[in-house]
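Below you'll find the structure, written out as structure tokens, and then a few comments.
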Amino acid sequence: MKIDAQTRLIGLLGYPLSHSFSPQMHNAAFAHLNLNKLYLPIEVTEQDLGVVIRGMAKMNFDGFNVTIPHKINVLKYLDEVDEAAAAIGAVNCVTIKDGRLKGYNTDGSGFVRSLEQGLGESVRGGNILLLGSGGGARAVAMTLALRGAARINIFNRTVAKAQELAGEINAKIKSGSSAAVDEAALREALAGTDIIINTTSVGMSPHTEETPLEKSLLQPRHIVCDIVYNPRQTRLLQEAAETGCRILPGLPMLVYQGVESFTLWTGVPAPAEVMFAALENKGAGT
Ligand code: ATR
Numbered sequence: 003m004k005i006d007a008q009t010r011l012i013g014l015l016g017y018p019l020s021h022s023f024s025p026q027m028h029n030a031a032f033a034h035l036n037l038n039k040l041y042l043p044i045e046v047t048e049q050d051l052g053v054v055i056r057g058m059a060k061m062n063f064d065g066f067n068v069t070i071p072h073k074i075n076v077l078k079y080l081d082e083v084d085e086a087a088a089a090i091g092a093v094n095c096v097t098i099k100d101g102r103l104k105g106y107n108t109d110g111s112g113f114v115r116s117l118e119q120g121l122g123e124s125v126r127g128g129n130i131l132l133l134g135s136g137g138g139a140r141a142v143a144m145t146l147a148l149r150g151a152a153r154i155n156i157f158n159r160t161v162a163k164a165q166e167l168a169g170e171i172n173a174k175i176k177s178g179s180s181a182a183v184d185e186a187a188l189r190e191a192l193a194g195t196d197i198i199i200n201t202t203s204v205g206m207s208p209h210t211e212e213t214p215l216e217k218s219l220l221q222p223r224h225i226v227c228d229i230v231y232n233p234r235q236t237r238l239l240q241e242a243a244e245t246g247c248r249i250l251p252g253l254p255m256l257v258y259q260g261v262e263s264f265t266l267w268t269g270v271p272a273p274a275e276v277m278f279a280a281l282e283n284k285g286a287g288t
């Protein structure tokens, strides 16, 4: 690979950065398209985040990804934030143009795109059951509401957090129709559900025997999605497949958030198949 004075950089800011898949995925895509760009992990503490970002704006950076624990803190260093990222309250992708920093959230849009590309399904008009109320849930739920999902029911271990997220969706998004459901209301909510999305960490390695939803609650009409990508197929997805449901694993969301980020930085379509292939050889935990 040729690195010279024209090479443009894309950063990944987080702390710590031990298990990131993004450098491999983006550098494979840059090489495939013959773009003189390099994706570079930069481990940075919260204390240094501002000074690092201000420095990047003065350097040959076209942008950067932001990961744990900086997705919320980064907002205060940006000049502009797009609508979805503002509603979510978190940014995972920043573009730098003429020294100006604009923040986006491609976690939610990456999920929606994986659903469209993987299963040919649109979320518009859909009746969703979201499991979880953490950071992943916020990104997915707000994006679904902005893209016209008819109903977003939220089930979470801590019901108060589900109520808080549902209330925020309804307050921020005019067409939003969201409600928390508790254990007692779950069966009834599932009867009207088209798409179930797990955003909790339940079932993630090493606790692969766990599942966030009992198998007996699944029906063949449900589309079942899991944003957990380690293991590649969670117990929830296995049991959904056994029930006759269509399933969507977490890996495509991971790739499509990268696909969406890639286009924001470069202005060209990303080679999704090259990015999938770059992750194929990565083992568990990445
Ligand atoms: P992320 O940013 O990855 O979404 P998070 O903010 O820590 O992570 O949220 C984790 C989600 O998984 C939460 O909805 C959490 O439920 P609580 O709000 O009750 O904490 C859920 N979760 C994690 N472990 C769980 C478990 N063992 N059983 C049920 N839900 C669990």
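Residue numbering for the sequence shown follows the numbering used here, beginning at 3 and increasing consecutively. Note that beta-carbon positions come from the ideal geometry of N, C-alpha and C, so glycine has one too. Since the model is a prediction, treat every value here as computed from it, not as a measurement.
Taken in chain order, the whole alpha helix (DSSP H) runs of length 4 or more contained in the segment 208–264 are 237–245. The beta carbon of Ser179 is closer than 6 Å to those of Arg153 in its chain, skipping five residues each way along the sequence. C-alpha of Tyr258 to C-alpha of Phe66: approximately 16 Å in a straight line. For Asn158, the CB falls within less than 7 Å of some heavy atom of the ligand ATR.
The closest CA to that of Arg102, considering only Gly128, Lys60, Ala92, is found on Lys60. In this structure, Ser135 sits away from Met255, with a CB-CB distance that is not shorter than 8 Å. Placement of the Cβ of Gly138 at a distance of less than 7 Å from at least one heavy atom of the ligand ATR is found. In this structure, Ser207 has its CB at a distance of at least 7 Å from all heavy atoms of the ligand ATR. Of the residues assessed, Gly127 falls on the exposed side of the cut-off, its CB having fewer than 16 other CB atoms within 10 angstroms. Using a 10 angstroms sphere on the CB of Ser111, the tally of other CB atoms reaches 16 or more, which defines it as buried. Relative to the ligand ATR, Gly134 has its C-beta within less than 7 Å of a heavy atom. Residue state for Thr201 is assigned as coil, using DSSP reduced to three classes. For the set Ser177, Leu238, Arg149, the Cα lying nearest the Cα of Thr202 is the one of Leu238.
Bounds of the beta strand (DSSP E) holding Pro43 are 39–45. With fewer than 16 other Cβ atoms inside 10 Å of its own Cβ, Ala173 counts as exposed.
Proximity to Ile171 across Leu121, Arg140, Ala191 peaks at Arg140, based on C-alpha coordinates.
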